[in-house]
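Working notes, beginning with the structure itself.
Numbering (this note's numbering), first residue to last: 229 to 706.
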């Protein structure tokens, strides 16, 4: 313990004893995070690299003091009420998703959908609707909807590229604009941590920002218009659709060559009755209780209890298997939980370095408030597209943008909507983002084929329209 006392240095005491004035150099940790994200495509590595440099700078490059500050901030972050809440929400979400998957509820829901989708257009529109319904988590959305519609898309000659576009356009984006989702939990936590709630609860503040998530809203609306031919497809997607309709080959030669069979839940549940109610009931209860209590932790706990009441009597799993599946889901969310903790630590150390004050000063001098929402969306959107690390980028952006909004008198909910829209764009189209990878796995389309066919549609419609709407909103509201 004596050795630990020599190392441990509290952020509060150190902040009172030193004067840190790095000026433009306070941007170095952020630039390191972005550079590592672009180079290594690894969110954890990028965040850790930036945080190590940030704490060294805060300690005036004394490694012993830097270690003490890191330990103290980690302790403070983990003891914070807001951090505990977001960790519980994300962990419980993971547990519930695992339970619904292992119960066969997702496949049951998929089977129910298949009875209604009897034509090519109905299959495409049904895939879109299914993507909206499965709003709890973008990973769950991509995997569950992909598994559900893949056989139907093949039967009705819908190209896998088109299927992948529809699924990912209602994966990230729907999760972004529904507050009772993993995206809603994470982003609302960042809003609260950064002081962008306007005195409201994190849940209410996020709900107030949803009308300003122009990109996500437009991306969802555009899908049926493209499916029905009201908005034209571009060259590569048009060619993929023509191949599927004329030859029945729903997979491109490139995707077929790279095909690795996966997601074979159908085989695992062969001979077992998969009931849609095992998926629908927990989702509805989560939604209702979140709206009534404004606390997703309470809603998720009761929904997990409902899963127990449903699954055990049906003999879908015994008590030991139920607990194992729940723990597996919690374990699967562990990387996300670590990223959340690191992101919150980064917020506090950046504040000590003076990053917020520096950015506010620069923005006040160089940027018109009317253009600021547009600049947030386009700038952060392009960074998210380039880096693929959209959650860590949101963790960087919120605490930087929040004081600028306050200083310039800009509506914080408009700016929050711009940030969420920007990172949703990155998740939607970045070649190596998690959701693009999962969508490719679910539809058996290579990332390159997905990007080649979907990127022109995403750029021409939701991104361009979203940018115009943020420009107009900035002019009207600021």
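Idealized CB from N, CA, C, for every residue including glycine.
Sequence-distant residues of its chain with Cβ nearer than 6 Å to residue i (five each side left out)
| i | result |
| --- | --- |
| residue 330 | 553 |
| residue 311 | 305 and 572 |
| residue 703 | 598 |
| residue 451 | 356, 394 and 397 |
| residue 420 | 310 and 430 |
| residue 423 | 630 |
Rounded C-alpha distance that separates residue i from residue j
| i | j | result |
| --- | --- | --- |
| residue 273 | residue 354 | 39 Å |
| residue 489 | residue 671 | In this predicted model, residue 489 has a pLDDT of only 49, less than 50, meaning its place in the structure is not dependable enough to derive any value. |
| residue 393 | residue 664 | 10 Å |
| residue 332 | residue 539 | 10 Å |
| residue 680 | residue 541 | 48 Å |
| residue 675 | residue 622 | 23 Å |
| residue 608 | residue 637 | 20 Å |
| residue 532 | residue 467 | 45 Å |
| residue 231 | residue 295 | Note on residue 231: pLDDT 48, under 50, position unreliable in the model; the coordinate value appears next. Answer to the nearest angstrom: the Cα atoms are 13 Å apart. |
| residue 484 | residue 630 | 47 Å |
| residue 292 | residue 286 | 12 Å |
| residue 625 | residue 647 | 7 Å |
| residue 699 | residue 602 | 5 Å |
| residue 381 | residue 428 | 44 Å |
| residue 290 | residue 284 | 6 Å |
| residue 439 | residue 401 | 13 Å |
| residue 560 | residue 551 | 14 Å |
| residue 351 | residue 343 | 11 Å |
| residue 526 | residue 628 | 31 Å |
| residue 414 | residue 568 | 8 Å |
| residue 430 | residue 417 | 6 Å |
| residue 441 | residue 649 | 5 Å |
| residue 580 | residue 299 | 15 Å |
| residue 267 | residue 260 | 10 Å |
| residue 678 | residue 447 | 16 Å |
| residue 349 | residue 578 | 50 Å |
| residue 589 | residue 583 | 10 Å |
Buried versus exposed call for residue i [16 or more other C-beta atoms within 10 Å across all chains shown]
| i | result |
| --- | --- |
| residue 482 | exposed |
| residue 521 | exposed |
| residue 633 | buried |
| residue 254 | buried |
| residue 453 | exposed |
| residue 524 | buried |
| residue 396 | buried |
| residue 229 | Since pLDDT at residue 229 reaches only 44, below the 50 mark, its modelled position is unreliable, and the value read off the structure follows with that caveat. Per the 10 Å Cβ criterion, exposed. |
| residue 307 | exposed |
| residue 249 | exposed |
| residue 369 | buried |
| residue 546 | exposed |
| residue 378 | buried |
| residue 562 | exposed |
| residue 325 | buried |
| residue 519 | exposed |
| residue 460 | exposed |
| residue 246 | exposed |
| residue 476 | exposed |
| residue 480 | buried |
| residue 692 | exposed |
Own chain partners of residue i with C-beta closer than 8 Å, once the 5 adjacent residues on each side are dropped
| i | result |
| --- | --- |
| residue 576 | 239, 301, 304 and 305 |
| residue 426 | 433, 436, 640 and 641 |
| residue 340 | 504 |
| residue 509 | 534 and 538 |
| residue 543 | none |
| residue 513 | 527, 530, 531 and 534 |
Chain D within 7 Å of residue i, Cβ atoms only
| i | result |
| --- | --- |
| residue 666 | No chain D is part of this structure, which consists of one protein chain only. |
Cβ separation of residue i and residue j, assumed to be a contact under 8 Å, to the nearest whole Å
| i | j | result |
| --- | --- | --- |
| residue 403 | residue 366 | 4 Å |
| residue 682 | residue 618 | Wrong, their Cβ atoms sit about 16 Å apart, outside the cutoff. |
| residue 652 | residue 504 | Wrong, their Cβ atoms sit about 28 Å apart, outside the cutoff. |
| residue 673 | residue 389 | 6 Å |
| residue 695 | residue 605 | 6 Å |
| residue 360 | residue 398 | 6 Å |
| residue 684 | residue 462 | 4 Å |
| residue 322 | residue 570 | The Cβ separation is near 18 Å, so there is no contact. |
| residue 336 | residue 586 | 54 Å between Cβ atoms; not a contact. |
Sequence-distant residues of the same chain with beta carbon closer than 7 Å to residue i, five excluded per side
| i | result |
| --- | --- |
| residue 596 | none |
| residue 412 | 406 and 434 |
| residue 472 | 385, 386, 387 and 478 |
| residue 613 | 653, 654, 657 and 658 |
| residue 705 | 639 and 642 |
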